[in-house]
Amino acid sequence: MKKLVMGADHAGYALKDKIKATLSERGYEIIDVGTFSAESCKYPLIAHDLCKTITDGKAELGILICGTGVGMSMCANKHKGIRAACTSDTFSARLTRMHNDANVLCFGERVVGYGLAMELVDAFIETEFEGGRHAERVSLINAIENEDFDALK
Ligand code: RB5
């Protein structure tokens, strides 16, 4: 079973806690980087803690929730080794694992309800990267990340 890490700001923590409870009941090991209340907080700090958990090798996949999912995905994608996808449709949640080897899923508590959110999470965590032709494309994402723009010529 994949090791997961979850994080949310004040606009996403209630949905995080519900999803975490469901995944824990299923036996998933989950690291929770907060936040733990409706008190206003700064989503970039949470995104950073979650990404570090992944790049340190303590979790394989992450789930970030804020009001829209957008701010979290912007912050997450600034981290080397992180490929974050912000989506509210299950097709993209599945395909971003298959094609982009995404390791962080982002969505918004003000956008999706618990039912759809669980479908997004299930699609994301149950799908494997396809590799093959997609591996070369992901390596080009890494080249951009490393500012190795010669690799893109
Ligand atoms: C908080 O009000 C909100 O800005 C935040 O949760 C998120 O949606 C940012 O992208």
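So for the sequence shown, the numbering used here puts the first residue at 259; every next one is plus one.
By construction, the Cβ of each residue, glycine as well, lies at the ideal position given by its N, Cα and C atoms.
- Per DSSP, the unbroken alpha helix (DSSP H) holding I402 starts and ends at 391-403.
- With contacts defined as CB atoms closer than 9 Å, L322 and A305 qualify as a contacting pair.
- One alpha carbon belongs to G327, the other to K310, and they sit about 18 Å apart.
- The distance from the Cβ of I340 to that of I312 is about 7 Å, consistent with a contact at the 8 Å cut-off.
- In this chain, the alpha helix (DSSP H) harbouring G329 covers 328-334.
- The residue from P302, R352, F349 with its alpha-carbon nearest to that of N335 is P302.
- If you draw a straight line from the Cα of A269 to the Cα of S298, it comes to about 8 Å.
- The continuous beta strand (DSSP E) containing G265 extends over residues 262-266.
- For T280, the closest of G366, G325, M264, E388 by C-alpha to C-alpha distance is M264.
- When secondary structure is reduced to three states using DSSP, D290 falls in the strand class.
- Contact check for G325 and R368: beta-carbon distance about 5 Å, within the 8 Å limit, so the pair qualifies.
- Within the chosen limit of 8 Å, the ligand RB5 does not reach the beta carbon of Y372 with any heavy atom.
- Cβ-Cβ distances below 6 Å link A296 to H268 in the same chain, with the five nearest sequence neighbours on each side left out; the list follows chain order.
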